[in-house]
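Asks: Let me begin by handing over the structure; questions about it come next.
Residue numbers (my numbering): 1350 to 1468.
Structure, rendered in structure tokens:
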């Protein structure tokens, strides 16, 4: 990921959907890639917007928890009232945290100073 960012970046926006599928496409790997985007020179201004549908687990909750643990980003979820009609379904699977079926995740890089203070 870092070589791609060095060769083609920096990026202003990273937009993706259908990138998380429980253990088959875990949040940690996506977060590693997104960290490479913001940690390379010029990448700190990049914004990440992800459309996520919970399928195999509560991927949104896992992604959000792991992203917040890394301390690199401000993590926001879209206001459910702003989602199109029909996207208000609820996710429930035994053994997993319940949540909305559909979500939009917005990440913005925390400033270097904020990252150091969070440690």
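Built from N, CA and C at the ideal position, the CB exists for glycine as well.
Based on DSSP bridge pairs, tell me the residues matched to residue 1453.
Replies: What you label residue 1453 is simply residue 104 of the chain shown in a count that begins at 1. Paired residues: 1400.
Asks: Quick one: residues in its chain with C-beta nearer than 8 angstroms to the C-beta of residue 1439, no 5 flanking neighbours on either side, listed in chain order?
Replies: Taking the first residue of the chain shown as position 1, residue 1439 is located at position 90. Excluding residues within five positions, the ones whose Cβ falls inside 8 angstroms are 1447, 1448, 1449 and 1450.
Asks: Could you tell me the alpha carbon to alpha carbon distance between residue 1405 and residue 1382, rounded to whole angstroms?
Replies: Translated into the one-based positions of the chain shown, residue 1405 becomes position 56. Translated into the one-based positions of the chain shown, residue 1382 becomes position 33. Between residue 1405 and residue 1382, the C-alpha separation is close to 21 angstroms.
Asks: Under a Cβ-count criterion, where at least 16 other Cβ atoms within 10 Å of its own Cβ denotes burial, should residue 1408 be classed as buried or exposed?
Replies: Counting from 1 along the chain shown, the entry for residue 1408 is found at position 59. Buried, by the Cβ-count rule.
Asks: For residue 1366, which of helix, strand or coil comes out of DSSP?
Replies: By 1-based counting over the chain shown, the position of residue 1366 is 17. If DSSP states are grouped into helix, strand and coil, residue 1366 belongs with the strands.
Asks: In the DSSP assignment, what are the bridge partners of residue 1424?
Replies: Working through the chain shown from its first residue, we reach residue 1424 at position 75. Answer is 1456, bridged to residue 1424.
Asks: What are the boundary residues of the alpha helix (DSSP H) that includes residue 1357?
Replies: For the purposes of this step, residue 1357 is taken as residue 8 along the chain shown, with counting starting at 1. Taken as a continuous stretch (DSSP letters only), the alpha helix (DSSP H) holding residue 1357 covers 1351–1357.
Asks: Relative to the C-alpha of residue 1375, which residue among 1387, 1414 and 1397 is closest?
Replies: Along the chain shown, read from residue 1 onward, the residue named residue 1375 stands at position 26. Of the candidates 1387, 1414 and 1397, the one whose C-alpha sits nearest the C-alpha of residue 1375 is 1414.
Asks: Taking the alpha-carbon positions, what's the residue 1420 to residue 1437 distance?
Replies: For this step, residue 1420 is matched to residue 71 along the chain shown. For this step, residue 1437 is matched to residue 88 along the chain shown. Between residue 1420 and residue 1437, the C-alpha separation is close to 29 angstroms.
Asks: Report the CB separation of residue 1422 from residue 1459 in whole angstroms; it is logged as a contact under 8 angstroms.
Replies: Along the chain shown, one-based indexing puts residue 1422 at 73. Along the chain shown, one-based indexing puts residue 1459 at 110. The Cβ separation is near 6 angstroms, so the contact holds.
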